[in-house]
Amino acid sequence: MNAPVEFIPPRINVEEKLFQDRYRVDVGRPHIQVRDPQACKHCAKPCAVCCPAGCWSVTEQGGIDLVVDGCLECGTCRLVCDHDNVDWNYPRGGFGILFKFG
Amino acid sequence: MEKFDVIVVGAGPSGNAAAYTLAKGGLKVLQLERGESPGTKNVQGAILYADALERIIPDFRDSAPLERHVAEQRMWLLDENQSCTGATYRDARFSQEPYNRYTILRARFDRWFSEKVKAAGALVICETTVKELLRGDQGEVIGVRTERAEGDILADCVILADGANALLGERARLRPKVRADDMALAVKEVLFLPKETIEARFNIAGTQGVVIEIAGNITHGMVGTGFLYTNKDSVSVGIGCMLSDMKKQSLTPYQLLEGLKQHPSVKPLIEGAEMKEYSAHLIPEGGYKALPQLYGDGWMVVGDSAGFVNAVHREGSNLAMTSGRFAAETLIELQQAGKPFTSGNLAAYKARLDGSFVMADLKKYEEVPALLHDNPHILGTYPRVLGDAARAILTVDGQPKRDKQKQVLAELKGKRSLLGLLGDAYKFWRAFR
Numbered sequence: 752m753n754a755p756v757e758f759i760p761p762r763i764n765v766e767e768k769l770f771q772d773r774y775r776v777d778v779g780r781p782h783i784q785v786r787d788p789q790a791c792k793h794c795a796k797p798c799a800v801c802c803p804a805g806c807w808s809v810t811e812q813g814g815i816d817l818v819v820d821g822c823l824e825c826g827t828c829r830l831v832c833d834h835d836n837v838d839w840n841y842p843r844g845g846f847g848i849l850f851k852f853g
Numbered sequence: 085m086e087k088f089d090v091i092v093v094g095a096g097p098s099g100n101a102a103a104y105t106l107a108k109g110g111l112k113v114l115q116l117e118r119g120e121s122p123g124t125k126n127v128q129g130a131i132l133y134a135d136a137l138e139r140i141i142p143d144f145r146d147s148a149p150l151e152r153h154v155a156e157q158r159m160w161l162l163d164e165n166q167s168c169t170g171a172t173y174r175d176a177r178f179s180q181e182p183y184n185r186y187t188i189l190r191a192r193f194d195r196w197f198s199e200k201v202k203a204a205g206a207l208v209i210c211e212t213t214v215k216e217l218l219r220g221d222q223g224e225v226i227g228v229r230t231e232r233a234e235g236d237i238l239a240d241c242v243i244l245a246d247g248a249n250a251l252l253g254e255r256a257r258l259r260p261k262v263r264a265d266d267m268a269l270a271v272k273e274v275l276f277l278p279k280e281t282i283e284a285r286f287n288i289a290g291t292q293g294v295v296i297e298i299a300g301n302i303t304h305g306m307v308g309t310g311f312l313y314t315n316k317d318s319v320s321v322g323i324g325c326m327l328s329d330m331k332k333q334s335l336t337p338y339q340l341l342e343g344l345k346q347h348p349s350v351k352p353l354i355e356g357a358e359m360k361e362y363s364a365h366l367i368p369e370g371g372y373k374a375l376p377q378l379y380g381d382g383w384m385v386v387g388d389s390a391g392f393v394n395a396v397h398r399e400g401s402n403l404a405m406t407s408g409r410f411a412a413e414t415l416i417e418l419q420q421a422g423k424p425f426t427s428g429n430l431a432a433y434k435a436r437l438d439g440s441f442v443m444a445d446l447k448k449y450e451e452v453p454a455l456l457h458d459n460p461h462i463l464g465t466y467p468r469v470l471g472d473a474a475r476a477i478l479t480v481d482g483q484p485k486r487d488k489q490k491q492v493l494a495e496l497k498g499k500r501s502l503l504g505l506l507g508d509a510y511k512f513w514r515a516f517r
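Protein sequence lines correspond, in order, to chains A and B. In my numbering, each residue carries its 1-based index in the first sequence increased by 751. In my numbering, each residue carries its 1-based index in the second sequence increased by 84.
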């Protein structure tokens, strides 16, 4: 019988997806913050894998970089963090993601 | 300071059901929503269950923005990238009015529902995030603090319809923090296609629609499911997995979604579509055992915020609307009897839930989350064995069928011992009976 086709994880630029979404960014007032950046250095950083908007990325120094502009406000990063290191709030009223279809 | 009978936090299905019912019942209601307009923060697959809404707005079909009625349901088991084993249920009676289930787009639907809430007499204020609950001397909830200047507002009861993250209850220490073990993360795209293309590809006409619920190795061993729903001129495609599983592996949610979209059984259905929105949402799937305290002095919790999701049947919005209605009816009854909104009196809300399908269904499947959590092979091994068996039997290559049967059984035994098989069957029967 035919050999199985190997699954190759697709390379996806999530920013292209987020480009279709509508936002009202609260400039200079990020609704999510890292409590202690030092604590991230020795962590497996599940936030960087699980965030559906790619807001979290591992830096060359092994730390974490957070840019909340594309946040979909799901709450995943708060729950996957083993160190309770994510200070997570909803954006101010009217700011953040604005779903057209939901 | 202005005082209300009730403040409802959130304008999703549970909050809207509560606010609408309360306003119709003559209570002074304030509903607060953080979005620019109701629906702009809300995400669902989405299937609307007519029964739950009909009990609140009997003539909703005359004005609600409905996409398609569900004429056909498919259940698919997909492997990572090759095969699809499935079942289809199509019934002409599903296409007889009044229809039982509809596909919807939540941003449009929630805006419509909110207009009904306002028309019923509730005050709805958007672009307002509630920061925390206000407490009285005895710890009772007496109102909410918003982010606005002079943003404290008082009420005799606050209904928490603030969604899956349930931040308000947690911050007020009315409940523990929701756990990654009890939450699924779902991502979704809305893909636009001409109406005629959708009708041709799914073999439907008029307002008919198709719902496809998808399980199998598309989740790469994680506990989770996918879906594909037809709307009028778009298709909603999504996939969700338990957060506790997601954090242990390396595929991102958008890679999982792309894997589903590229699957040879899905790809031709969405070929050429224009993606117009990408969204994500948490779904509380912990079931009965993960339910928090549901009421207390001056407060009740409804919908996703309470964890009212039947993960086995992919139902949530009906439990949300029903819990919102029950909370409202409880308050209306108490007010008419001249009774205060104390914890003892609000226990009537829990009694209503206990006497309904909401708790009956959650209780029926209370063992399922633990079963799947402890036996992740169930969602991976069996779909694969089923697919392999179908391929072996259906490939005509001169090999006798008896040999093929033996080969199928040998493969199954290779993946799972006889004792393991019996154990799985027993656990399944226990969890789903």
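Every residue gets a Cβ at the ideal spot worked out from N, C-alpha and C, and that includes glycine. As the structure is a computational prediction, the values presented were derived from the model and not from experiment.
### Query
Does any CB atom of chain A fall closer than 9 Å to the CB of serine 401(B)?
Along the second sequence, read from residue 1 onward, the residue named residue 401(B) stands at position 317. Taking 9 Å as the threshold, the shortest C-beta distance from serine 401(B) to chain A does not fall below it.
### Query
In whole angstroms, what is the alpha-carbon distance linking leucine 275(B) and lysine 768(A)?
Working through the second sequence from its first residue, we reach residue 275(B) at position 191. Working through the first sequence from its first residue, we reach residue 768(A) at position 17. Between leucine 275(B) and lysine 768(A), the C-alpha separation is close to 12 Å.
#### Entry: arginine 843(A) at chain B interface by Cβ criterion, 9 Å
In the first sequence, residue 843(A) corresponds to position 92, counting from 1. Using a Cβ-Cβ cut-off of 9 Å, arginine 843(A) counts as an interface residue toward chain B, since at least one Cβ of chain B sits closer than that to its own.
### Task
Note down, in chain order, every chain B residue with its Cβ under 8 Å from the Cβ of lysine 768(A).
Residue mapping note: residue 768(A) aligns to position 17 of the first sequence, counting from 1. Near lysine 768(A) (Cβ distances below 8 Å), the residues of chain B are Glu273, Tyr338, Met359 and Tyr362.
### Query
Roughly how many angstroms separate the alpha carbons of isoleucine 763(A) and tyrosine 466(B), rounded to a whole number?
Numbered from 1 along the first sequence, position 12 holds the residue referred to as residue 763(A). Numbered from 1 along the second sequence, position 382 holds the residue referred to as residue 466(B). Distance from the CA of isoleucine 763(A) to the CA of tyrosine 466(B), rounded to the nearest whole angstrom, comes to 29 Å.
### Query
Quick one, are the C-beta atoms of alanine 404(B) and valine 385(B) less than 9 Å apart?
The residue labelled residue 404(B) in the question sits at position 320 within the second sequence. The residue labelled residue 385(B) in the question sits at position 301 within the second sequence. Result no, Cβ atoms of alanine 404(B) and valine 385(B) do not sit closer than 9 Å.
### Query
Could you give the C-beta distance for valine 321(B) and lysine 272(B), rounded to a whole number, given that I count them as a contact under 8 Å?
Here residue 321(B) refers to the residue found at position 237 when the second sequence is read from its first residue. Here residue 272(B) refers to the residue found at position 188 when the second sequence is read from its first residue. With a Cβ gap of about 7 Å, valine 321(B) and lysine 272(B) count as contacting.
### For lysine 200(B), the nearest candidate out of Leu258(B), Gln180(B), Leu137(B) and Gln157(B) (CA to CA)
On the second sequence, residue 200(B) is found 116 positions in, with the first residue counted as 1. Considering only Leu258(B), Gln180(B), Leu137(B) and Gln157(B), the residue with the shortest C-alpha distance to lysine 200(B) is Leu137(B).
### Message
I'd like to know whether the C-beta atoms of glutamine 263(B) and leucine 830(A) end up nearer to each other than 9 Å.
### Response
As a first step, residue 263(B) must be located in the second sequence, where it is residue number 179. As a first step, residue 830(A) must be located in the first sequence, where it is residue number 79. This sequence places arginine at residue 263(B); glutamine is not what is there. Cβ distance < 9 Å, so arginine 263(B) and leucine 830(A) count as in contact.
### Partner residues on chain A for lysine 125(B), Cβ-Cβ distance less than 9 Å
Residue 125(B) sits at position 41 when you count from the first residue of the second sequence. For lysine 125(B), the neighbours in chain A by C-beta distance under 9 Å run, in chain order, Glu824, Tyr841, Gly847, Ile848, Leu849, Phe850 and Gly853.
### Message
Looking at glutamate 231(B): is its Cβ nearer than 9 Å to the Cβ of glycine 844(A)?
### Response
Working through the second sequence from its first residue, we reach residue 231(B) at position 147. Working through the first sequence from its first residue, we reach residue 844(A) at position 93. Glutamate 231(B) places its beta carbon less than 9 Å from that of glycine 844(A).
### Task
Alpha carbon to alpha carbon, how far is glycine 498(B) from aspartate 508(B)? Give it in angstroms, no decimals.
Counting from 1 along the second sequence, the entry for residue 508(B) is found at position 424. Counting from 1 along the second sequence, the entry for residue 498(B) is found at position 414. C-alpha separation (whole angstroms): 15 Å.
### Query
Using Cβ-Cβ distances below 8 Å, what residues of the stretch 777-788 of chain A are close to chain B?
Here the close residues number zero.
### Task
May I ask you to verify whether the stretch 836-843 of chain A touches the stretch 368-387 of chain B, counting CB pairs closer than 8 Å and requiring at least 3?
Verdict: no, contact absent.
### Task
Using DSSP bridges, identify the partner residues of aspartate 816(A).
What you label residue 816(A) is simply residue 65 of the first sequence in a count that begins at 1. Listed as beta-bridge partners of aspartate 816(A) by DSSP are Ser808(A).
### Per-residue contacts from aspartate 772(A) into chain B (C-beta, under 8 Å)
Walking along the first sequence from the start, residue 772(A) turns up at place 21. By Cβ distance, chain B contributes Glu361, Tyr362 and Ser363.
### Query
Can you tell me where the alpha helix (DSSP H) with lysine 360(B) in it begins and where it stops?
On the second sequence, residue 360(B) is found 276 positions in, with the first residue counted as 1. From DSSP, lysine 360(B) is part of no alpha helix (DSSP H) but of the beta strand (DSSP E) over 358-368.
### Task
Check whether the Cβ atoms of alanine 95(B) and serine 167(B) sit closer than 9 Å, and answer yes or no.
As a working mapping, residue 95(B) is identified with position 11 in the second sequence. As a working mapping, residue 167(B) is identified with position 83 in the second sequence. No, the Cβ-Cβ distance between alanine 95(B) and serine 167(B) is not below 9 Å.
#### Entry: Continuous alpha helix (DSSP H) stretch holding leucine 326(B): start and end
Along the second sequence, one-based indexing puts residue 326(B) at 242. Checking the sequence shown, residue 326(B) turns out to be methionine, not leucine. Note, methionine 326(B): premise wrong, no alpha helix (DSSP H); beta strand (DSSP E) at 318-326.
#### Entry: Limits of the unbroken alpha helix (DSSP H) element including isoleucine 416(B)
Looking up residue 416(B) in the second sequence gives position 332. In the DSSP assignment, isoleucine 416(B) falls within the unbroken alpha helix (DSSP H) covering 401-420.
#### Entry: Alpha-carbon spacing of aspartate 481(B) relative to valine 492(B), whole angstroms
The residue you call residue 481(B) lines up with position 397 of the second sequence. The residue you call residue 492(B) lines up with position 408 of the second sequence. Using only the alpha carbons, I get a separation of about 15 Å.
### Message
At the 9 Å Cβ level, is serine 389(B) part of the contact set with chain A, yes or no?
### Response
Counting from one through the second sequence, the residue named residue 389(B) turns up at place 305. Interface flag for serine 389(B) against chain A is unset, since no Cβ pair is found closer than 9 Å.
### Message
So with CB distances below 9 Å, who are the chain A contacts of leucine 343(B)?
### Response
By 1-based counting over the second sequence, the position of residue 343(B) is 259. Looking at the sequence itself, residue 343(B) is glycine, so the reference to leucine does not match. Contact annotation for glycine 343(B) against chain A: Phe758, Pro760 and Pro761 [CB-CB distance below 9 Å, chain order].
### Task
Put alanine 268(B) into one of helix, strand or coil per three-state DSSP.
Position 184 of the second sequence, counting from 1, holds the residue named residue 268(B). Under the three-state reduction of DSSP, alanine 268(B) is assigned to strand.
### Task
Excluding the 5 residues preceding and the 5 following arginine 475(B) in the sequence, name in chain order all residues of the same chain whose CB lies nearer than 6 Å to its CB.
Taking the first residue of the second sequence as position 1, residue 475(B) is located at position 391. Residues of the same chain with their beta carbon placed closer than 6 Å to that of arginine 475(B) are lacking, with the five preceding and five following residues left out of the count.
### Query
In chain A, what lies closer than 9 Å to serine 334(B) by C-beta?
In the second sequence, counting from the first residue as 1, residue 334(B) sits at position 250. Those are Pro760 and Val800, listed as they occur along chain A.
### Query
Nearest to threonine 212(B) by alpha carbon, out of Leu269(B), Asp445(B), Arg436(B) and Lys125(B)?
Along the second sequence, one-based indexing puts residue 212(B) at 128. Looking at the Cα atoms, Lys125(B) is the closest of the given residues.
### Message
I want to check one thing, is the minimum distance from the CB of asparagine 840(A) to the heavy atoms of the ligand MN below 8 Å?
### Response
Absence of the ligand MN from the depicted structure is noted, as is the absence of any ligand whatsoever, leaving it without description.
### Query
Tell me which same chain residues have a C-beta within less than 7 Å of the C-beta of aspartate 215(B), skipping the five on either side of it?
Reading the second sequence from its first residue, position 131 is the one you call residue 215(B). The identity of residue 215(B) in the sequence shown is lysine, whereas the question assumes aspartate. Closer than 7 Å at the Cβ level, and outside the excluded window around lysine 215(B), lie Arg229, Thr230 and Glu231.
### Task
Go ahead and label glutamine 483(B) buried or exposed: buried means 16 or more other beta carbons lie within 10 angstroms of its beta carbon, across all protein chains shown.
Here residue 483(B) is taken as the residue at index 399 of the second sequence, counted from 1. Glutamine 483(B) should be labelled exposed.
### Query
Using 8 Å as the threshold, is the stretch 285-302 of chain B in touch with the stretch 335-345 of chain B, meaning 3 or more CB pairs across them?
Cβ pair count under 8 Å is three or more, so yes.
### Query
Thinking just about the alpha-carbon of each residue, which of Asp265(B), Glu399(B) and Leu366(B) is nearest to the one in leucine 455(B)?
Locating residue 455(B) in the second sequence gives position 371, counting from the first residue. The residue with the shortest Cα to Cα distance from leucine 455(B) is Asp265(B).
### Task
Report the three-state DSSP secondary structure of arginine 486(B) (helix, strand or coil).
The residue given as residue 486(B) occupies position 402 in the second sequence. It is helical.
### Query
When DSSP labels each residue in this structure, what does lysine 58(B) get in the three-state scheme?
The structure shown does not extend to residue 58(B), since chain B is modelled only from 85 to 517, so the question has no answer here.
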